[in-house]
Amino acid sequence: MNAPGTAIITGAASGIGAEFARQLSAAGHDLLVIDKSRDPLESIAADLAARHSIVVESLVADLSDPIQLRRVEQRVFAIEQPALLINAAGFGTTGRFAEIDVERQIEMINVHVVAGVRLCRAVLPRMVSRDRGGIVNVCSISALTRFPESATYSATKAYMLTFTEILGIELEGTRIRVQALCPGLTRTRFIDTPEMQRFDRHRLPDWMWMDPADVTGASLKALRHGPVRYIPGLANRFYVFVFGNTIAIALLAGYRRARAHLKANVPGFRWLP
Numbered sequence: 000m001n002a003p004g005t006a007i008i009t010g011a012a013s014g015i016g017a018e019f020a021r022q023l024s025a026a027g028h029d030l031l032v033i034d035k036s037r038d039p040l041e042s043i044a045a046d047l048a049a050r051h052s053i054v055v056e057s058l059v060a061d062l063s064d065p066i067q068l069r070r071v072e073q074r075v076f077a078i079e080q081p082a083l084l085i086n087a088a089g090f091g092t093t094g095r096f097a098e099i100d101v102e103r104q105i106e107m108i109n110v111h112v113v114a115g116v117r118l119c120r121a122v123l124p125r126m127v128s129r130d131r132g133g134i135v136n137v138c139s140i141s142a143l144t145r146f147p148e149s150a151t152y153s154a155t156k157a158y159m160l161t162f163t164e165i166l167g168i169e170l171e172g173t174r175i176r177v178q179a180l181c182p183g184l185t186r187t188r189f190i191d192t193p194e195m196q197r198f199d200r201h202r203l204p205d206w207m208w209m210d211p212a213d214v215t216g217a218s219l220k221a222l223r224h225g226p227v228r229y230i231p232g233l234a235n236r237f238y239v240f241v242f243g244n245t246i247a248i249a250l251l252a253g254y255r256r257a258r259a260h261l262k263a264n265v266p267g268f269r270w271l272p
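Using numbering that gives the first Met the number 0, read the sequence shown as starting at 0 and increasing by one per residue.
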């Protein structure tokens, strides 16, 4: 991953995407940074260009909009030496699917899945022709568990996980590396939105959280020689081991059914959380 070339990063204005931009610029990569938030995107682009004497192009676009996505796709396709693609753009919502805004869920599918797939397809022909490059699709440990009130989010992350793993099989024997990065709780502004207001970060212990710099640093290191499915942090791996296996998923589903039945049929039922 030390070859010259441009790193393309979506969701680069904040969080994990911004940290990828910082670390890759420090490694000498030119950047194409993409986000819908103009001011923070242009600020980080100017800062990194000055700090590391590299070329940083910022492209303001909402990847949930097909027209804007097409513009981004065309720009990415025109890059002659794409070294890395980091699909980090994303957002979350909470709430039962029957009760939330379906249009917002479609936007999530467009950002997480449609944009991710299209941009992978835009860079891969050049990477294949050079037999060099890397792709990181930022997924989530939510792709591996089954908890309510995150149906679309978990499903889109599961799609990108499977998509990336199959890409890895298709690219075996090449020098192109792909990774489905599955972080857990990360100290970003991801949950500081009105749509995530039901999520209470204070009920979770500090040891369950990772800093974005640690997530991205571990990801880039693992991209060189690690597995396609990469879960950073011991706490996240333990969480997936406990809640992501088939037996745990079945037990949790049975527990939820039993609780719903008792609440519906036993007056004053309160003893199960």
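Glycine residues also receive a C-beta, built at the ideal position from the N, C-alpha and C atoms.
For the 9 Å CB-CB criterion, Ser36 and Ser63 do not form a contact.
If you ignore the 5 residues before and after Ile108, its C-beta comes within less than 8 Å of the C-beta of Thr151, Thr155, all in its own chain and listed in chain order. Annotation: the continuous beta strand (DSSP E) that includes Gln178 extends over 175–180.
DSSP, read as helix, strand or coil, puts Arg74 in helix. Sequence-distant Cβ neighbours of Thr173 in its own chain, meaning closer than 8 Å and more than five residues away, are Val127, Asp130. Residue pairing by DSSP places Tyr229 opposite Leu180 in a beta bridge.
With contacts defined by Cβ atoms closer than 9 Å, Gly16 and Ala87 form a contacting pair. Assignment of Ile140 by DSSP, reduced to helix, strand and coil, places it in the helix class. Excluding the 5 residues flanking it on each side, Val54 has same chain C-beta neighbours closer than 6 Å at Asp29, in chain order. By the C-beta density criterion, Ala20 is buried, having at least 16 other C-beta atoms within 10 angstroms. Beyond the five residues adjoining it in sequence on each side, Phe146 comes within less than 6 Å, by CB distance, of no other residue in the same chain. Gly27 is classed as exposed because its beta carbon has fewer than 16 other beta carbons within 10 Å across all chains shown.
The Cβ neighbour count for Ala6, taken over all protein chains shown within 10 Å, is at least 16; the residue is labelled buried.
In the DSSP annotation of this structure, the continuous segment of the beta strand (DSSP E) that includes Thr9 starts and ends at 5–9. Counting every other CB atom within 10 Å of its CB across the protein chains shown gives Gln178 a total of 16 or more, marking it as buried.
For Ile53, the secondary structure class from DSSP, reduced to helix, strand or coil, is coil.
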